[in-house]
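*Asks:*
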Amino acid sequence: MDWGKVKFFLGEVGRNFTRNAGMQATAIGTVAVTVVLLGLFLFVRLTLAGVGDRLLKQIEISVYFHTSATTAQENHLRDALRADRRVASFTFVPKAEGLKELRRQTQGSIDVSILTQNPLPDKFRVRVTDPSEVAAVADSLRGQPGVANVVYGKTIVGRLLQLGVVLRRISIVLIVALLFVASIIISNTIRLTVFARRREIAIMQLVGATATYVRMPFVCEGVLHGLIGSLVALAILGIGKAALWSKLALALPWLELNSAHVALAPIALQLLAVGIAIGALSSWFSIGRYLRT
Amino acid sequence: MISIRNVSLTYPNGVRALDNVTLEIAKGDFLFLVGSSGTGKSSLLKLLYHDAIPTHGEIVVDGIRVDKLRGARVASLRRHLGVIFQDFKLLNDKTVWENVAFAMHVTGAHTREIERQVPRTLDLVGLAHKSRMFPSELSGGEQQRTAIARAIVNNPKLLLCDEPTGNLDPENTAEIMDLLLRINTKGTTVVVATHNQSVVDRMRKRVVRLEDGRIFTDEERGFYYLGLGQGQVLSG
């Protein structure tokens, strides 16, 4: 290992970086603004997705038995539910329990005591792991012996799932657009720094530097822009979260804002990676036009 | 060393810089390219270090078809020849030492090699005592000597000089020409494009005169003007 070479290379990067502070600040600022926007966007997207998921997870399938259904048939279904991997949980609600529930729900608006016998059937309440499989699970239960009816919020499940798909598509388009715009802005900023050094680049090539050799310090500089910009952005996002999170949770309680619902560390890493990639790629392409041959 | 065969060069804007030029330059030669401005001297040099590509013809430098080179091979060619210019083309934020060392860094030379070779070269051009100075702190002659040091630090077989004394006073001019001559006697082929008549007439080396992109005259031990010494007037 020739440490002299490493020292020389780092010296070149450092020298370029400390010169022209205004331009560096602009490039870093652009990365920071982009990453903040991207971070906010990812956060909103994840929160919405979380809300949707929680709504969907609350969807229950009610499996009603014929009043004539036998205990054997009910046990058979219990075994089937236990074996089914798509099923997250299920509870058996015997008719007596059902009546109590009905009483609780109606809270006296209907006088249940007029009933001389319990008209309710036994039922299973089933929750599935993956909301998109609600319909399939419901269908498979419908054919079981002793089962009279299978009911779930068909319309709401369909709409929520549809909404999820649309939201995901829109957000991908928006993210791509945001990255594209950011890359253009950053490329232009870096192009200015490259333009300021075009004479230097020409001289480097004149004494026999290869295109890659000329490029490397610039790309490292871009990586630094990306790294510092993303760190600044993460700091802004962190401070913003600390200041606003609890207020937001109070203002919109139904969002059930809870740090546990949004995994922040992976987002932070993604944002860092995106920032660095934007910086490096923009530099790579900005310098291209000043490299002859 | 250099073989230029039937070379023409037309720039994209339509200007014809060189027109069917054929020229052989032997190893160890010292050659002046003369002619008034815009006659193709710089263009001819540019072809040799691949800053321009001929429209027609072929160029061989030290066995390499320069006109066919692309990409990294161009960089490799430039490491094997030195070029100096009227405006020195030094990196202003680097010291004399760093400017010279830079030409070695790009070749991937080992630091130990750089630390051995740079002082030796600065010694040769007489700038050892100013190695820590920046170009802006040097005189024109010293800047050009720095550029020469940078050009020869990799021991090139060929040194190309485009108006090397164009910005210098007579005293510095003489020093630079002495230096070039010394480099030449060590075996490096030197090609100097100039319109400095006194330099050419004093040194009595091979003189190639270009006119309108063509070779007009080619003399061993020539003068700036064909067959005439300094002070004489070209008539007709």
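The listed protein sequences correspond, in order, to chains A and B.
Taking our numbering, I'd label the letters of the first sequence as residues 270 to 562.
Taking our numbering, I'd label the letters of the second sequence as residues 406 to 641.
We put the beta carbon where it would ideally sit given N, CA and C, even for glycine.
Note that the structure is predicted; figures quoted are calculated from it, not measured.
1) So, helix, strand or coil for B:E518, using DSSP?
2) Kindly indicate the opening and closing residues of the beta strand (DSSP E) around B:H461.
3) Would you please verify whether the beta carbon of A:D271 is less than 8 Å from any beta carbon of chain B?
4) Leaving out five residues on either side along the sequence, give the residues of the same chain with a beta carbon under 7 Å from the beta carbon of B:I588.
5) In the DSSP assignment, find the unbroken alpha helix (DSSP H) run with A:Y333 in it and report its ends.
6) Which same chain residues end up closer than 6 Å to B:Y629 when comparing Cβ atoms and leaving out the 5 residues on each side of it in sequence?
7) Our contact map puts B:L527 next to B:S536 with C-beta atoms below 8 Å; I'd like the distance itself, whole angstroms only.
8) CA-CA distance, B:L495 and A:I472?
9) Near A:F286, what residues of its chain come up, given a Cβ to Cβ distance below 7 Å and the 5 sequence neighbours on each side ignored?
10) Look up B:G592 in the DSSP assignment and give the residues it is bridged to.
11) Out of B:F539, B:P524 and B:L474, point me to the one whose CA is closest to B:K499's CA.
12) Name, please, each residue of chain B whose Cβ falls closer than 7 Å to the Cβ of A:A534.
13) Of the residues A:L279, A:V282 and A:I297, which one's Cα is nearest the Cα of A:I545?
14) Short of 8 Å in beta carbon distance, which residues of its chain neighbour B:G641, apart from the five on each side in sequence? Order them along the chain.
15) Beta-carbon separation of B:H485 and B:P569 under 8 Å?
16) Could you give the residue range of the beta strand (DSSP E) that holds B:D412?
17) For B:K473, write down the residues that DSSP places opposite it in a beta bridge.
18) Between B:L573 and B:G546, what straight-line distance do the alpha-carbon atoms span, to the nearest angstrom?
19) Given a threshold of 16 other Cβ atoms within 10 Å of its Cβ, counted over all protein chains shown, does B:W502 qualify as buried or as exposed?
20) So who's on the other strand from B:E616, going by DSSP bridges?
21) 8 Å is my cut-off, CB to CB: does B:A422 come that close to chain A?
22) Determine the direct distance from the alpha carbon of A:F393 to that of A:F361, and round the result to whole angstroms.
23) Check whether the Cβ atoms of B:L452 and B:P459 lie closer than 8 Å to each other.
24) Along chain B, in chain order, which residues have C-beta atoms closer than 9 Å to that of A:M473?
25) In angstroms with no decimal places, state the Cα-to-Cα distance between A:M270 and A:A502.
26) Comparing C-alpha positions only, which one of A:I328, A:F487 and A:K510 sits nearest to A:G557?
27) Closest by CA to B:D434, which one among B:I464, B:K610, B:L423 and B:N559?
28) B:R550: buried (16+ other C-beta within 10 angstroms of its C-beta) or exposed?
29) Determine whether the beta carbon atoms of A:S345 and A:P388 lie at a separation below 8 Å.
30) Mind pulling the chain B residues with CB within less than 7 Å of A:F554?
31) Listing by chain order, which chain A residues have their CB less than 7 Å from the CB of B:R607?
32) With distances taken Cα to Cα, identify the nearest neighbour of A:R484 among A:G498, A:R466, A:N457 and A:L324.
33) For A:R396, list the residues DSSP reports as bridge partners.
34) Could you name the residues of chain B that A:E402 contacts, counting a contact when the two beta carbons are closer than 9 Å?
35) First and last residue of the beta strand (DSSP E) that includes A:N418?
*Replies:* Looking at the coordinates:
1) helix
2) H461 to V466
3) At least one beta carbon of chain B lies nearer than 8 Å to the beta carbon of A:D271.
4) Here the set comprises I557, L564 and V595.
5) Where A:Y333 is concerned, there is no enclosing alpha helix (DSSP H), although the beta strand (DSSP E) it sits in stretches over I330 to F334.
6) V439, Q602, V605 and D606
7) 5 Å
8) 8 Å
9) Q293, E490 and L493.
10) B:G592 is not bridged to any residue.
11) B:F539
12) Those do not exist, as A:A534 stays about 41 Å from chain B at its closest Cβ, beyond 7 Å.
13) A:I297
14) In this prediction, B:G641 scores a pLDDT of 39, lower than 50, which makes its location untrustworthy; the coordinate-derived value is nonetheless stated afterwards. Excluding positions up to five away in sequence, the list is empty.
15) no
16) Residue 412 of chain B is actually Val in this sequence, not Asp. Membership of B:V412 in the beta strand (DSSP E) is indicated by the continuous run I407 to T415.
17) BP columns for B:K473 are empty, so no partner.
18) 6 Å
19) buried
20) BP columns for B:E616 point to B:R619.
21) no
22) The alpha-carbon atoms of A:F361 and A:F393 are separated by roughly 5 Å.
23) yes
24) L496, F507 and V511
25) 36 Å
26) A:F487
27) The option with the nearest alpha carbon to B:D434 is B:K610.
28) buried
29) It should be pointed out that residue 345 of chain A corresponds to His in this sequence rather than to Ser. Not a contact, by the Cβ cut-off of 8 Å.
30) Per Cβ cutoff of 7 Å: no residues; A:F554 is ~18 Å from chain B at best.
31) Within chain A, no residue comes near B:R607; the closest Cβ sits about 29 Å away, beyond 7 Å.
32) Relative to A:R484, the option among A:G498, A:R466, A:N457 and A:L324 whose CA is nearest is A:R466.
33) A:S358
34) Under the 9 Å cutoff, chain B gives no residues; its nearest Cβ is about 56 Å from A:E402.
35) V416 to V420
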